[in-house]
Amino acid sequence: MRRRAPPRRPRRFASDPELKVADREALREAIGALERLVGLDDVKKLIYTLIAQRLVNERRRAYGLKTERQTVHMIFRGNPGTGKTTVARLLGRIFRELGVLSRGHLIEVERADLVGEYIGHTAQKTRELIRRAVGGILFIDEAYSLIRGGEKDFGREAIDTLVKGMEDHRDDLIVILAGYDREMLAFLQANPGLPSRFPLQIVFPDYRMEELLKIAEAMCAEREYRMDAGARRRLEGRIARAMLRRDVPFANARFVRNAVERAIRRHAVRTVRQGTTSREALMTLTADDFADDGDGL
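With the first letter of the sequence shown counted as 1, position 40 gets the number 40 in the UniProt record's numbering; the numbers rise by one all the way through.
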């Protein structure tokens, strides 16, 4: 179930004068962007926890008490379009301002970027990507594909090299392994040494219908469009049908984004054909714009 009490607001803690940050306004902006994302309560609670811990460490340090830098490597589990990459990018910005990372950039990779074609090539490629990611976040999508070839697959060499790189750069590198929920669980079970190295596991559940419609409205508003009642009903029907399909995983916000962008293209064709020039018409998406008739637009 996604319904729960809303998380406490971390922006309030970002304003605490005791919290040492690189750029307080940049931190507020990054946290604000995270808070504006639909759903994702567990992620928002994690950010609150990390900021609160940072603040408490500052207070403990003032009293000469010990502080401990915790490992924040993470596992992101969820279907496509549930916000994993977006959240990773925002985490980089937030961690930079909190002083957890020196740069806060995101390096997004997959199996082909890590695994080589001959002995030694994989370690070389993986070390180079780690070098580029130091100071930020290395985001490995579909991480379970690293072991798809069995015991002799070079992907295991990538995992070993990655673990060493995490240890060598533990003070200025965060690694996030991401992928489908079931496959990620199997991947972790097949690699019993990994869960302890990735203590933060976050599940990105599929969005509910009302959340997806809210996302669609936000995407339209960002582009200075709006959906009329018919468009909203038509989109809701398309989402419902896509959710029921079993041959492909539902793409969540990605499905919505594609539907909105396609509707905008169809809107352009429709308004030109109709000779419509009013401001209201140029901003309004109708049911026809969200028709699923396979025209390829």
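Note that beta-carbon positions come from the ideal geometry of N, C-alpha and C, so glycine has one too.
Per-residue DSSP class, three states only, for residue i
{"i": "residue 251", "result": "coil"}
{"i": "residue 181", "result": "helix"}
{"i": "residue 284", "result": "strand"}
{"i": "residue 226", "result": "strand"}
{"i": "residue 68", "result": "coil"}
{"i": "residue 3", "result": "Residue placement at residue 3 is poorly supported in this model, since its pLDDT is 44, which falls under 50; the coordinates still yield a value, given next. Correct three-state label for residue 3: coil."}
{"i": "residue 109", "result": "strand"}
Distance CB(residue i)-CB(residue j) smaller than 8 Å
{"i": "residue 238", "j": "residue 218", "result": "no"}
{"i": "residue 289", "j": "residue 231", "result": "yes"}
{"i": "residue 154", "j": "residue 107", "result": "no"}
{"i": "residue 146", "j": "residue 194", "result": "no"}
{"i": "residue 252", "j": "residue 206", "result": "yes"}
Limits of the beta strand (DSSP E) - the one that residue i falls within
{"i": "residue 128", "result": "Run containing residue 128: none in the beta strand (DSSP E); it sits in the alpha helix (DSSP H), 121-133."}
{"i": "residue 77", "result": "74-78"}
{"i": "residue 139", "result": "137-141"}
Alpha-carbon to alpha-carbon, residue j and residue i
{"i": "residue 178", "j": "residue 112", "result": "15 Å"}
{"i": "residue 200", "j": "residue 276", "result": "53 Å"}
{"i": "residue 67", "j": "residue 162", "result": "27 Å"}
{"i": "residue 198", "j": "residue 40", "result": "20 Å"}
{"i": "residue 77", "j": "residue 202", "result": "6 Å"}
{"i": "residue 134", "j": "residue 165", "result": "9 Å"}
{"i": "residue 97", "j": "residue 247", "result": "43 Å"}
{"i": "residue 216", "j": "residue 82", "result": "14 Å"}
Limits of the alpha helix (DSSP H) - the one that residue i falls within
{"i": "residue 155", "result": "155-168"}
{"i": "residue 202", "result": "Unbroken run through residue 202 is the beta strand (DSSP E), 200-204; no alpha helix (DSSP H)."}
{"i": "residue 50", "result": "41-62"}
Classification of residue i by the beta-carbon crowding that lies within 10 angstroms, buried from 16 upward
{"i": "residue 21", "result": "buried"}
{"i": "residue 192", "result": "exposed"}
{"i": "residue 278", "result": "exposed"}
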